[in-house]
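Right, here's the structure in full:
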């Protein structure tokens, strides 16, 4: 078919209601770039659009706009309630932060007090143990460091049922990564670990090895410097050695 | 009675800018497109499907289709409003055909098949004055001629389907369609190729 024969069908084609053979003919003309049919179709599309614009006026719901924008992730429309909700949210957030901070502060204080109490309980236990050893009728006392020019000095108390108490002064802090380890040395035997300790910033130290101890079988108490995890056997020379007298009850 | 919808003439240059922003995937441009043409699109679709809820679904579908296919549209020379209305009408007629169990075989002209057909159109073709002229031209048509135009445009019926619907011979329907379109072209100043 030629273009003249198709011109009455352009609008029908634009509306999608053209039928064969005109439909296929127009399609073929367009596909091969027919200038006449292309121009005719442009005018037809314009006419069809104009007919559509004359539809009775109607108003879509307000939410439709939000729906469409939300579907492409661009809903920036704010409702009248948005500032109210935003303000309420900010207030709630502020209240939550305030009480959250208060709660965290209270929890922190409780934790600090609990730790303090634990420390004090621990110290109380230590001092109780120390007094038990000091006041034990069968305890022995050994001094050390008296002959050294730059001593740590101190005393060691040994009780057969309460254990060993070491009290020192002039004891410098152990080097970084190191710790002091106390040993009980049996007669004719290898040193037995008796616990790890550090000195205080003023050079004082108190260390207790609770529990029973066979004083008659113990030759000495010694202190070495070991790695922080401690050792099963001394790895450095003992810098405190306190021989236990064979019979020297106080 | 047909009432004018398109009460504002839109500057083709601003439409071109809008298309360019849509192609850059600017959601604000889609909001602007909706503000500019949403009511027109909704009115057209409602006239076809006659159900508000379904119309809103189809309006959403229309704008999403434009959003997704705007890359193929000529931002500088393309006429945005006719393209948008074609997309909207196709969605509505498609729904109508599907809902009524009609085959889609007679409805095969997709608005995206030939994007060049929407370029270099007369500027401001959907302004308020033109809408009044369209309404006047439609009212001036004889009732039988107006009926066939409305059956074709708002119901998507082919001439054979119209003949069956109104119980007239196909030849008669073709004569009415030809006469109605000729009248509209003359009234609206859309002359066919010489």
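Chains as they are written, first to last, in the numbering used here: chain A, 374 to 623; chain B, 103 to 296.
For each residue, glycine too, the CB sits at the ideal point set by N, CA and C.
With a threshold of 8 angstroms between beta-carbons, can residue 476(A) be considered close to chain B, or not? no
Opposing strand residues paired with residue 472(A) [DSSP bridges]: Bridge partners of residue 472(A): none, in fact.
For residue 383(A) versus residue 425(A), is the C-beta spacing smaller than 8 angstroms? In this structure, residue 383(A) sits away from residue 425(A), with a CB-CB distance that is not shorter than 8 angstroms.
At the 8 angstroms Cβ level, is residue 118(B) part of the contact set with chain D, yes or no? In summary, chain D is missing from the structure at hand, where the protein chains are A and B.
So residue 169(B) contacts chain A; which residues on that side make the cut at Cβ distance below 7 angstroms? Near residue 169(B) (Cβ distances below 7 angstroms), the residues of chain A are 445.
Whose Cβ in chain A lies nearer than 7 angstroms to the Cβ of residue 144(B)? 431 and 433
Give the residues of chain A in contact with residue 195(B), contact being defined as C-beta atoms less than 7 angstroms apart. Neighbours of residue 195(B) in chain A, taken as residues whose beta carbon is under 7 angstroms from its own, are 389 in chain order.
DSSP-derived helix/strand/coil call for residue 536(A): strand
Pull up the distance between the alpha-carbon of residue 464(A) and that of residue 482(A), whole angstroms please. 27 angstroms
Chain B contact residues for residue 440(A), given Cβ-Cβ distances below 7 angstroms: For residue 440(A), the residues of chain B that pass the 7 angstroms Cβ criterion are 162, in the order they occur in the chain.
Determine the contact status of residue 253(B) and residue 281(B), defining contact as a CB-CB distance below 8 angstroms. Not closer than 8 angstroms, so no.
Determine which residues share a DSSP beta bridge with residue 430(A) and list them. Residue 430(A) is not bridged to any residue.
Could you check which residue in 166(B), 127(B), 277(B) and 143(B) has the C-alpha nearest to that of residue 249(B)? When each option's Cα is compared against that of residue 249(B), the closest is 277(B).
What is the DSSP secondary structure of residue 530(A), counted as helix, strand or coil? In the three-state DSSP reduction, residue 530(A) falls in the strand class (E or B).
My guess is that residue 162(B) and residue 437(A) are in contact by the Cβ rule of under 8 angstroms, so how many angstroms apart are they, rounded? 7 angstroms
Using the three-state DSSP reduction, which class does residue 392(A) fall into: helix, strand or coil? Here residue 392(A) carries a coil assignment [DSSP, helix/strand/coil].
Is any beta-carbon of chain A found at less than 8 angstroms from that of residue 165(B)? yes
Smallest Cα separation from residue 627(A): which of 148(B), 164(B) and 165(B)? Nothing about residue 627(A) can be read from this structure; chain A reaches only from 374 to 623.
Test: residue 189(B) CB closer than 8 angstroms to a CB of chain A: no
For residue 501(A) and residue 610(A), what's the separation of their Cα atoms in angstroms? 32 angstroms
In or out: residue 288(B) buried (at least 16 other Cβ within 10 Å) or exposed? exposed
Using 10 angstroms around the beta-carbon of residue 423(A), count the other beta-carbons present and answer buried if the total reaches 16, otherwise exposed. buried
Residue 182(B) to residue 134(B) span [Cα, whole Å]: 13 angstroms
Under a Cβ-count criterion, where at least 16 other Cβ atoms within 10 Å of its own Cβ denotes burial, should residue 387(A) be classed as buried or exposed? buried
Rounded separation between residue 486(A) and residue 494(A) - CA only: 12 angstroms
Mind listing the chain A neighbours of residue 242(B)? Cutoff is C-beta to C-beta under 8 angstroms, in chain order. Contact annotation for residue 242(B) against chain A: no contact, minimum CB-CB distance about 13 angstroms [criterion: below 8 angstroms].
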